[in-house]
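Accompanying notes for the structure given below.
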Amino acid sequence: MHRSGIKVLLLEASGTLGGKLRTDRLDGFLLDRGFQFALPGYRAFSREIDLPALQAKPFAPGAIVLSQGRMREFRADDPIGIALSRLMSVGDKVRLKAYDESLAALDFDDLFGSEDCTAETELRRAGFSEGALDRYFRPLYGSVYLDRSLGFSAQLMRFHAKASLGGGAILPSAGMGAIAAQVAEYLPEDAVVTGCRIVEIVREGGLVHGVRASDGTVFQAARVVVATDGASAQTLVGVTAAPTRANTCIYFAADRAPYPDPLVVLNADFEGQVNHLAVTTNVCPSLAPPGKHLIAATVLGNPSEEDGPLARSVLYELGQWFPKADTRTWSPLAVYRLESAQTWHAPGFAAALHPTDLGGGLLAATGAFPSTLEGAVRAGMTAAQAILRTREPVTA
Ligand SMILES: Cc1cc2nc3c(=O)[nH]c(=O)nc-3n(C[C@H](O)[C@H](O)[C@H](O)COP(=O)(O)OP(=O)(O)OC[C@H]3O[C@@H](n4cnc5c(N)ncnc54)[C@H](O)[C@@H]3O)c2cc1C
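Structure follows, in structure tokens:
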């Protein structure tokens, strides 16, 4: 919008831009506020974000799965390893290949049109065994949608699985916050106000006139795009906020990585607290000072222990995961507790998505698309395009 000559003002409640995509610097380590990654298979995201400029590096496709106390690699780029793997039965491996092939043949736009059910129902209908659900799909989707129940929408599982076919997950060399920083670079400095919480949309006769900040300041605008978290959007414009899932990310510094590969470790043993772990420096060495490694362990939910005891109990657990690594020498760096890390999309959620343009000059990006990085980009682009299409005065 800015490049098209429209005057834009970005009002952000917190002290920095980026929302869930922020990276903190601590003693030369780059810590994302909660371990996450992007998928190059996200179409709008990959089109709008300059990934080469971010020097984004890929994870290998697949995972290391901790199952019955053993680490088992399961890599899509290693067909012989998959054939020999005892993680899944031969039948489940054949079903997984067939499922992926069926998604490859579909267009992204077809994924949300069909009837919805839980991911678990879909996987059972596809014939996957209990073992495949427990040892692969629960920890995998625990790491993506932060819940191991597989009770979320099958449409969203298809979306993630299809986007993953386009290549392994990626991490920008300077952390996920670099994505938001790149978008912010398009705006001149005076177009951004941080520390500005909006508490009211100002309207008159059904038309938007601007927004009111918590200190009473009114910013006048002919059009307002609400691109907040769900709870704030519910308060501001009345769209229903979907429930969310919490997660807690504990970062450790180590002199040696516990394994060398650019892979996420998934915990398929229903013991302990950690659902997944990544040595992020195996993907991007730039995330730690030279000679150091950065390890991100993710616990689903928000444990009641204080940060110190939590980091210690996680470290004890990781000592059992990696008996050959001297985890006693790992130092806890930070604990991030994210109360609303991911939106919970239950089956049928697509019917509750609303059009971006609510009329009268009000646009709500939040809640208009599935809540993913791809959804955030598509929502922003849709709102911008709607504004660019109708530059004439708005009517109620
Ligand atoms: C740990 C974790 C793992 C994730 N994993 C994945 C993944 O694997 N794949 C994926 O696609 N997505 C993932 N996500 C989700 C993804 O990060 C989000 O969907 C995306 O960043 C949402 O962006 P957003 O801009 O819509 O919202 P947000 O990032 O929530 O930004 C909203 C902004 O609005 C501001 N705000 C709120 N209220 C007000 C107000 N009243 N006035 C002014 N400003 C306000 C907030 O401060 C914030 O900066 C993950 C998220 C987390 C935290």
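According to our numbering, the sequence shown is numbered sequentially starting from 110.
Every residue, glycine too, gets a C-beta built ideally from N, C-alpha and C.
A quick note: this is a predicted structure, and the numbers were derived from the prediction, not measured.
Close beta carbons around residue i, own chain, < 8 Å, minus the five adjacent residues each side
{"i": "S282", "result": "L163, Q164, A165, K166, C393, S395, L396"}
{"i": "S480", "result": "G339, A351, Q451, T452, H454"}
{"i": "D370", "result": "A169, I173, E182, N391"}
{"i": "P398", "result": "D136, G137, F138"}
{"i": "L120", "result": "V302, C305, I307, V320, A322, F328"}
Cut-off 7 Å between Cβ atoms - residues of its own chain near residue i, not counting five sequence neighbours on either side
{"i": "S113", "result": "L497"}
{"i": "N376", "result": "L175, P248, V383, N384, H385"}
{"i": "H318", "result": "V311, R312, Q329"}
{"i": "R267", "result": "L212, L220"}
{"i": "F217", "result": "R152, K271"}
{"i": "G489", "result": "A336, A474"}
C-beta contact flag for residue i and residue j at 9 Å
{"i": "P418", "j": "I359", "result": "no"}
{"i": "S262", "j": "T303", "result": "no"}
{"i": "I404", "j": "F361", "result": "yes"}
{"i": "Q264", "j": "A459", "result": "yes"}
{"i": "A443", "j": "L139", "result": "no"}
{"i": "T436", "j": "P367", "result": "yes"}
{"i": "P149", "j": "I288", "result": "no"}
{"i": "M285", "j": "D133", "result": "no"}
{"i": "G200", "j": "D186", "result": "no"}
{"i": "A355", "j": "L193", "result": "no"}
Residue i burial status per 10 Å Cβ neighbour count (16 or more: buried)
{"i": "L472", "result": "buried"}
{"i": "V388", "result": "buried"}
{"i": "L215", "result": "exposed"}
{"i": "A505", "result": "Bear in mind that the predicted position of A505 carries a pLDDT of just 47, short of 50, making it too unreliable to give a figure here."}
{"i": "H402", "result": "buried"}
{"i": "K129", "result": "buried"}
{"i": "G143", "result": "buried"}
{"i": "D225", "result": "buried"}
{"i": "R487", "result": "buried"}
{"i": "D299", "result": "exposed"}
Proximity test, residue i beta-carbon vs ligand 1 heavy atom, cut-off 8 Å
{"i": "I307", "result": "yes"}
{"i": "G264", "result": "Inspection of the sequence shows that residue 264 is occupied by Gln rather than by Gly. No, the Cβ of Q264 stays beyond 8 Å of every heavy atom of ligand 1."}
{"i": "A122", "result": "yes"}
{"i": "R142", "result": "yes"}
{"i": "F146", "result": "yes"}
{"i": "T389", "result": "no"}
{"i": "N356", "result": "yes"}
{"i": "V253", "result": "yes"}
Sequence-distant residues of the same chain with beta carbon closer than 6 Å to residue i, five excluded per side
{"i": "A331", "result": "G470"}
{"i": "L427", "result": "T436"}
{"i": "Q343", "result": "A350"}
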